[in-house]
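Trainee: Residue numbering for the sequence shown is 64 to 499, as defined by my numbering. Glycine included, every Cβ here is placed at the ideal spot set by N, Cα and C. The model shown is predicted, which means the values in this text are computed figures rather than measured ones. This is the structure, below, for whatever I ask next.
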Amino acid sequence: MQYPKILIIGQSFNKKSGGGVTISNLFTGWPKDRLAVASNANLLSGIDTSVCNTYYQLGYNGKLHPFPLNLILPKIKCGLLQVNETQQQNATSTASGSGKYKFIYNILLALLNFFGVYNLFYKLKITKEFKGWLIAYNPDVIYTQLASLELIRFVSDIKDHTKKPIAIHMMDDWPLTINKPGLLYAYWQNVIDREFRKLLNKTELFLTISDAMAEEYEKRYGKKSLPFHNPIDIGFWKPQSAKDYSATDNFKILYAGRIGFGIAQSIADIADAVNQVSKTNKKLQFQIQTADVEELKKLVTFSNHVKWVQPVAYNQLPQKFSEADLLLLPQDFDEKSVRFLKFSFPTKVSEYMISGTPILVYGDDRTGLTKYALKEKWAYVVTNNNSTSLVNAIYELISNEALRKSLAQTAQNIALQREDATIVRENFRKTFMAIQ
Numbered sequence: 064m065q066y067p068k069i070l071i072i073g074q075s076f077n078k079k080s081g082g083g084v085t086i087s088n089l090f091t092g093w094p095k096d097r098l099a100v101a102s103n104a105n106l107l108s109g110i111d112t113s114v115c116n117t118y119y120q121l122g123y124n125g126k127l128h129p130f131p132l133n134l135i136l137p138k139i140k141c142g143l144l145q146v147n148e149t150q151q152q153n154a155t156s157t158a159s160g161s162g163k164y165k166f167i168y169n170i171l172l173a174l175l176n177f178f179g180v181y182n183l184f185y186k187l188k189i190t191k192e193f194k195g196w197l198i199a200y201n202p203d204v205i206y207t208q209l210a211s212l213e214l215i216r217f218v219s220d221i222k223d224h225t226k227k228p229i230a231i232h233m234m235d236d237w238p239l240t241i242n243k244p245g246l247l248y249a250y251w252q253n254v255i256d257r258e259f260r261k262l263l264n265k266t267e268l269f270l271t272i273s274d275a276m277a278e279e280y281e282k283r284y285g286k287k288s289l290p291f292h293n294p295i296d297i298g299f300w301k302p303q304s305a306k307d308y309s310a311t312d313n314f315k316i317l318y319a320g321r322i323g324f325g326i327a328q329s330i331a332d333i334a335d336a337v338n339q340v341s342k343t344n345k346k347l348q349f350q351i352q353t354a355d356v357e358e359l360k361k362l363v364t365f366s367n368h369v370k371w372v373q374p375v376a377y378n379q380l381p382q383k384f385s386e387a388d389l390l391l392l393p394q395d396f397d398e399k400s401v402r403f404l405k406f407s408f409p410t411k412v413s414e415y416m417i418s419g420t421p422i423l424v425y426g427d428d429r430t431g432l433t434k435y436a437l438k439e440k441w442a443y444v445v446t447n448n449n450s451t452s453l454v455n456a457i458y459e460l461i462s463n464e465a466l467r468k469s470l471a472q473t474a475q476n477i478a479l480q481r482e483d484a485t486i487v488r489e490n491f492r493k494t495f496m497a498i499q
């Protein structure tokens, strides 16, 4: 079987971010010598070497951050990394100590964005060293998820330099949301749109994350795309799937994932609803599994009914999801969040669906995820942004065993039919073969 040689720009393989998990699952089975990653993100933290072990740390004059930020932030060497699984584990633990720099880094970024100069400082260039490595590696296709102006420009430069086919994969509607508020907001928004359209015009393969996004982007950019999102390894997930839907004394609602833009307020809404229901159901528990515990503390008050739980390793997720009584997919209702989430398909959706645990979708009915759940009836959906609707939904889901079982089985059947990684990966491979 033939596999094109792929260079991935920007997104690394990992088990902690949506984009990282998605490409890890899509490219699983690809020969390791046919995959490489070049990224300006810190590659010393949490990379997945089970799929790819060739990583090139991009930077600015040999450093991870440009001047003057490199005078304050930790020094990380750029260039080709010698990575193996043991080094990955050590690097991850070492990198965790850099948390003290996060506050300083966020302040500096906020200032750069406010004064409209961020994109003047963060400008990746094809260095002599990277050019030499790129020639030696000689990829067949350049794959990227972009999500920043500097990556748009950098990938465009690589295209001009190598003449290789480009594959762009959109995870979210970031062209409308990545620009930060500041004195030159309108200027940079126009630049982002212009540069992205310019790159699209010389892109051979355009991938999106959902059918809704593909439809919208054809209208907006005049370019057809193919939807690919996170597939499911049936052999990994199915054996752990839940089978007993009888109500337990301790009814557990679980959310697993990030805390931040687009989902923060809805998490707080669920916590408030759980606190109300817990007045009559003393053993109801809302577990929030996230690495963003400091952000979570700003949203909710922990109690016997609302708890933070430590993230577990990816290989423990099937059991974790199946042990819950209800899984939560939250989406905020404010206009900016709806615009950002409108065409998204979170990585965890297919993982939730295969788990055999019923799902609660709480979100605006204009988002693609909510529309999908309503159309296919694979989740209990609350589209009203009010406490009463949430409280009533939780009461009904706790008391109605037949409903929970029906929702869970419908979701699992759809996942088995549409998200099987064996089929999706082969279609993904053929798509790349067609453009090399």
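(1) Is the beta carbon of Leu391 closer than 8 Å to that of Val412?
(2) Between which two residues does the alpha helix (DSSP H) holding Ala484 run?
(3) Label Gln373 either buried or exposed according to how many other C-beta atoms from any shown protein chain fall within 10 Å of its C-beta, with 16 as the threshold for buried.
(4) Pull up the distance between the alpha-carbon of Asn124 and that of Val180, whole angstroms please.
(5) Run through DSSP, which three-state label would Asn449 get?
(6) If we call anything under 8 Å between Cβ atoms a contact, is Glu325 one with Asp355?
(7) Just to confirm my understanding: we take Asp296, look at its own chain, exclude 5 residues before and 5 after, and list those with CB closer than 6 Å. What are they?
(8) Within the continuous alpha helix (DSSP H) that includes Ala249, where are the two ends?
(9) Rounded to the nearest angstrom, what separates Tyr66 and Val369 at their Cα positions?
(10) Of the choices Phe349, Arg481, Met64, whose alpha-carbon is the least far from that of Phe365?
(11) With distance defined between alpha-carbon atoms, name the residue in Asp236, Leu460, Lys399 nearest to Val424.
(12) Counting C-beta neighbours from all protein chains within 10 Å, is the total for Gln145 16 or more, i.e. buried, or is it exposed?
(13) Output needed for Gln150: all residues of its chain with C-beta closer than 6 Å, excluding positions within five of it in sequence on either side, in chain order.
(14) Using the Cβ count rule (16 or more neighbours within 10 Å means buried), how would you classify Glu414?
(15) Which whole runs of the beta strand (DSSP E) in the segment 183 to 260 are 3 residues long or more, in chain order?
(16) Given a cut-off of 8 Å, decide if Lys227 and Asp256 are closer than it, judged by their beta-carbon atoms.
(17) Does DSSP put Phe299 in a helix, in a strand, or in coil?
(18) Just to check my reading of the structure: Lys286 and Leu263 have Cβ atoms closer than 8 Å, yes? What is that Cβ distance to the nearest angstrom?
(19) Look at the Cβ atom of Val100, then the Cβ atom of Phe130, and state whether they are nearer than 8 Å.
(20) Beta strand (DSSP E) containing Phe269: first to last residue?
(21) Ser462: buried (16+ other C-beta within 10 angstroms of its C-beta) or exposed?
(22) Candidates Asn182, Tyr458, Lys138, Ser113: which alpha carbon is nearest Val340's?
(23) When the Cα of Met276 is compared with those of Leu239, Met233, Lys243, which residue comes out closest?
(24) Going by alpha carbons, who is nearest to Leu404 out of Ser452, Asp427, Glu258?
(25) Name the DSSP beta bridge partners of Trp371, please?
(26) Whose C-alpha, out of Ala456, Asp397, Glu192, is nearest the C-alpha of Ala336?
(27) Taking just the CA atoms, how far does Ser113 sit from Glu148?
(28) Rounded to the nearest angstrom, how far is the Cβ of Lys81 from that of Leu209, given a contact under 8 Å?
(29) Kindly indicate which residue of Pro421, Leu172, Leu214 has the alpha-carbon position closest to the one of Ile135.
(30) Mark Glu482 as exposed unless 16 or more other C-beta atoms lie within 10 angstroms of its C-beta, in which case mark it buried.
(31) My output table needs one value for Ala436: the three-state DSSP class, helix, strand or coil.
(32) Which of the three DSSP states is assigned to Leu289 in this structure?
(33) How would you label Ile422, buried or exposed, when you count the other beta carbons within 10 angstroms and need 16 or more for buried?
(34) Could you say which of Leu289, Thr85, Gln475 lies nearest to Trp300 if we only look at CA atoms?
(35) Between Val363 and Ala387, which are expected to be in contact by the criterion C-beta below 8 Å, what is the C-beta distance as a whole number of angstroms?
(36) Mapping DSSP to helix, strand and coil, what is Tyr123?
Mentor: The relevant details are as follows:
(1) Within the sequence shown, residue 412 is the residue found at index 349, counting from 1. Within the sequence shown, residue 391 is the residue found at index 328, counting from 1. Inclusion of Val412 and Leu391 in the CB contact set at 8 Å is not warranted, their separation being larger than that value.
(2) Working through the sequence shown from its first residue, we reach residue 484 at position 421. Under the DSSP assignment, Ala484 falls in the alpha helix (DSSP H) whose first and last residues are 484 to 496.
(3) In the sequence shown, residue 373 corresponds to position 310, counting from 1. It counts as exposed.
(4) The sequence position of residue 124 within the sequence shown is 61, counting from 1. The sequence position of residue 180 within the sequence shown is 117, counting from 1. Cα-Cα distance, rounded: 19 Å.
(5) Indexing the sequence shown from 1 puts residue 449 at position 386. Coil.
(6) By 1-based counting over the sequence shown, the position of residue 325 is 262. By 1-based counting over the sequence shown, the position of residue 355 is 292. The sequence given here places Gly at residue 325; Glu does not occur at that position. No.
(7) Within the sequence shown, residue 296 is the residue found at index 233, counting from 1. Same-chain partners within the cutoff: Ala484.
(8) Translated into positions along the sequence shown, residue 249 becomes position 186. Counting along the chain, the alpha helix (DSSP H) containing Ala249 begins and ends at 248 to 263.
(9) Indexing the sequence shown from 1 puts residue 66 at position 3. Indexing the sequence shown from 1 puts residue 369 at position 306. Straight-line Cα distance between these residues: approximately 47 Å.
(10) Taking the sequence shown and counting its residues from 1, the one referred to as residue 365 is at position 302. Distance check between Phe365 and each of Phe349, Arg481, Met64 places Phe349 closest, using alpha-carbon atoms only.
(11) As a position in the sequence shown, residue 424 is number 361, starting the count at 1. Comparing alpha-carbon positions, the option among Asp236, Leu460, Lys399 lying closest to Val424 turns out to be Leu460.
(12) For the purposes of this step, residue 145 is taken as residue 82 along the sequence shown, with counting starting at 1. With fewer than 16 other Cβ atoms within 10 Å, it is exposed.
(13) As a first step, residue 150 is located in the sequence shown; it is residue number 87 there, counting from the start. Interpretation of Gln150 is limited by its pLDDT of 47, a score under 50 that renders its predicted location unreliable; no figure is taken from the coordinates.
(14) Start at 1 with the first residue of the sequence shown, and residue 414 comes out as number 351. The residue is buried, with at least 16 neighbouring Cβ atoms inside 10 Å.
(15) Runs of the beta strand (DSSP E) inside the segment 183 to 260: 204 to 207, 229 to 232.
(16) One-based indexing of the sequence shown puts residue 256 at position 193. One-based indexing of the sequence shown puts residue 227 at position 164. No.
(17) Mapped onto the sequence shown, residue 299 falls at position 236. In the three-state reduction of the DSSP assignment, Phe299 falls in the helix class.
(18) By 1-based counting over the sequence shown, the position of residue 286 is 223. By 1-based counting over the sequence shown, the position of residue 263 is 200. For a cut-off of 8 Å, the C-beta gap from Lys286 to Leu263 is around 6 Å, short enough to register as a contact.
(19) Here residue 100 is taken as the residue at index 37 of the sequence shown, counted from 1. Here residue 130 is taken as the residue at index 67 of the sequence shown, counted from 1. Taking 8 Å as the Cβ cut-off, Val100 and Phe130 do not qualify as a contacting pair.
(20) Residue mapping note: residue 269 aligns to position 206 of the sequence shown, counting from 1. 268 to 271 is the span of the beta strand (DSSP E), which, as asked, contains Phe269.
(21) On the sequence shown, residue 462 is found 399 positions in, with the first residue counted as 1. Exposed, because fewer than 16 other Cβ atoms sit within 10 Å of the Cβ of Ser462.
(22) Numbered from its first residue, the sequence shown carries residue 340 at position 277. When only C-alpha atoms are compared, the closest one is Tyr458.
(23) Taking the sequence shown and counting its residues from 1, the one referred to as residue 276 is at position 213. Scanning Leu239, Met233, Lys243 for the CA closest to the CA of Met276 turns up Met233.
(24) Along the sequence shown, one-based indexing puts residue 404 at 341. With distances taken between CA atoms, Leu404 lies nearest to Asp427 out of Ser452, Asp427, Glu258.
(25) Position 308 of the sequence shown, counted from the start, is the residue given in the question as residue 371. Ile351, per the DSSP bridge assignment.
(26) The residue labelled residue 336 in the question sits at position 273 within the sequence shown. Each of Ala456, Asp397, Glu192 was checked against the Cα of Ala336, and the nearest Cα belongs to Ala456.
(27) Taking the first residue of the sequence shown as 1, we reach residue 148 at position 85. Taking the first residue of the sequence shown as 1, we reach residue 113 at position 50. Low local confidence applies: a pLDDT of 47 at Glu148 is under 50, so the model's placement there is unreliable, with the coordinate-based value given in what follows. Taking the straight line from one Cα to the other gives about 8 Å.
(28) Mapped onto the sequence shown, residue 81 falls at position 18. Mapped onto the sequence shown, residue 209 falls at position 146. Note on identity: in this sequence residue 81 is Gly, with Lys being the wrong assignment. Contact doesn't hold; Cβ gap of about 14 Å is too wide.
(29) Counting from 1 along the sequence shown, the entry for residue 135 is found at position 72. Of the listed residues, the one whose Cα sits closest to Ile135 is Leu172.
(30) Walking along the sequence shown from the start, residue 482 turns up at place 419. By the neighbour-count rule (16 or more Cβ atoms within 10 Å), Glu482 is buried.
(31) As a first step, residue 436 must be located in the sequence shown, where it is residue number 373. Helix.
(32) By 1-based counting over the sequence shown, the position of residue 289 is 226. Strand, per DSSP.
(33) Walking along the sequence shown from the start, residue 422 turns up at place 359. Of the other Cβ atoms in all chains shown, 16 or more fall within 10 Å of the Cβ of Ile422; this residue is therefore buried.
(34) Taking the sequence shown and counting its residues from 1, the one referred to as residue 300 is at position 237. Considering only alpha carbons, the answer is Gln475.
(35) As a first step, residue 363 is located in the sequence shown; it is residue number 300 there, counting from the start. As a first step, residue 387 is located in the sequence shown; it is residue number 324 there, counting from the start. Taking 8 Å as the upper bound for CB-CB distance, Val363 and Ala387 are not in contact here, some 18 Å apart.
(36) One-based indexing of the sequence shown puts residue 123 at position 60. Under the three-state reduction of DSSP, Tyr123 is assigned to strand.
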